[in-house]
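Comments concern the structure below.
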């Protein structure tokens, strides 16, 4: 190891210097794309952001367009790339790509309940293969260390064409093709178990590899998103982790900062990753500092941020434009679900939603909003509403 890499190995993982309580944006497949994350970073500024999960095979061998899930902006930092798979060799190789792209951390998905993913042994399927889970964690960590020590991505198996693509992504993001070499922290996001709750045993097993963070969604894979998240089980996981250097974050059914405060106070987690509560509410994290103060001072009541309809509509247009700029207008149908999530909790929301889910570009969005404005929708609606009144229901997530 070079002297420079040795110095990098002593760097403190960003997780350890984040303010407590950590309040971050959870990864959600098909939702937390680059445009959505950029809007959330602008409107709310979470403590940490995760990408959508990406297959290690796609990173190493897939078509170029599949790497679009790893596009990010400097506004999002600290930003963590979430990967899934089951091949340790591909995790080793993909770790080089993640580091080459300048991410602040690498997260391994061990909780995706999708049948296609879990049945292949990836995602939540790793809960049934604890030795393999160890192996992919070790491979990813070794890939990070070897990259920081100076090994070129090609030395890990990435083709020259793939390395060129990574460098071009860096150029578009920050104007430099190559990122400084450093050790980045490894983390895991998982569930309570596969078809039964085994969280204490499972977390103890993961702790043997000393990840910087373990994030736990409060359901088993078999539950998918049925029923309520079991925060008592998450609390038991937090008890197992306590005393180690690993942080424990909880996730599941959190739709307001008031709930964040309650979950941290009641269950002793180091923080919370919020998923569905942010859909249609990218400003969710604005009052995170007030939530931290409430946790620290034992305050049980926290008023949510109030957002006017005019501001909501401004963000909708900005989000649509960001999507076009980052993802391309040809993929705009993927934006429609976001537009639907914005249309909740105010008069004529259903009528607006019916129009928005047919929008084909940002100009359509702007025009629809202008028509509703002309119909005095804004003037006839109370100026503000609590975020908890408009938090949407959604079953889309990856863990």
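In this note's numbering, the protein residues as written are 28 to 426. Glycine residues also receive a C-beta, built at the ideal position from the N, C-alpha and C atoms. Everything numeric in this text was worked out from a predicted model, so none of it was measured.
Grab me the residues of residue 150's own chain with a C-beta within less than 7 Å of its C-beta, minus the 5 sequence neighbours each way, in chain order. 111, 136, 137, 138, 139, 141, 144
Is the beta carbon of residue 221 less than 7 Å from the beta carbon of residue 154? yes
Could you check if residue 50 is buried or exposed, using at least 16 other CB atoms within 10 Å of its CB as the buried criterion? buried
Once you ignore the five residues that flank residue 294 on each side, which residues in its own chain have a CB closer than 8 Å to its CB? 258, 259, 261, 262, 265, 277
Is the beta carbon of residue 302 less than 7 Å from the beta carbon of residue 282? no
Residue 98: which of 123, 329, 122, 64 sits nearest, CA to CA? 64
Using the Cβ count rule (16 or more neighbours within 10 Å means buried), how would you classify residue 109? buried
Nearest-angstrom Cα distance between residue 356 and residue 216? 32 Å
How would you write the range of the beta strand (DSSP E) that residue 257 sits in, first residue to last? Counting along the chain, residue 257 falls outside any beta strand (DSSP E), and DSSP gives it neither H nor E.
My assumption, with CB atoms under 8 Å, is that residue 386 sits in contact with residue 363. Please give the rounded CB distance. 6 Å
Return helix, strand or coil for residue 95, following the three-state DSSP convention. helix
N-terminal and C-terminal residue of the alpha helix (DSSP H) that residue 292 is part of: 284 to 294
Buried or exposed by the 16-neighbour rule on C-beta atoms within 10 Å, applied to residue 325: exposed
State the CB to CB distance for the pair residue 359 and residue 351, rounded to an integer number of angstroms; the pair is presumed to be in contact (CB under 8 Å). 7 Å
Going by DSSP in three states, residue 172 sits in which element: helix, strand or coil? helix
With three or more beta-carbon pairs closer than 8 Å as the criterion, would you say the segment 327 to 336 touches the segment 85 to 96? no
Tell me whether residue 80 sits in a helix, a strand or coil according to DSSP, three-state version. coil
Just to confirm, are residue 309 and residue 66 a CB contact at a threshold of 7 Å? yes
Taking the C-alpha atoms as reference points, what is the distance between residue 159 and residue 116? 12 Å
Below 8 Å CB to CB, which residues in the same chain sit around residue 319 once its five sequence neighbours on both sides are set aside? 46, 47, 48, 50
So what does DSSP say about residue 349, is it helix, strand or coil? helix
Count the CB pairs spanning the segment 220 to 236 and the segment 184 to 193 that are closer than 8 Å, and state whether there are at least three. no
Quick one: what does DSSP say residue 136 is sitting in, helix, strand or coil? strand
Which class does residue 394 belong to by DSSP, given the choice of helix, strand or coil? helix
Kindly list the residues whose CB is nearer than 7 Å to the CB of residue 329, restricted to its own chain and excluding five residues on each side of it in sequence; keep chain order. 284, 285, 288, 317, 318, 321
According to DSSP, is residue 43 part of a helix, a strand, or is it coil? helix
Can you tell which of 102, 371, 312, 56 has the C-alpha that lies nearest to the C-alpha of residue 80? 56
What is the DSSP secondary structure of residue 364, reduced to helix, strand or coil? helix
Of all the alpha helix (DSSP H) runs that stay within the bounds of the segment 167 to 211, which reach a length of 4 or more residues? 180 to 183, 187 to 201
Go ahead and pull the three-state DSSP assignment for residue 104. coil
Span of the alpha helix (DSSP H) around residue 142: 142 to 145
Report buried or exposed for residue 241, applying the criterion of at least 16 other Cβ atoms within 10 angstroms of its Cβ. buried
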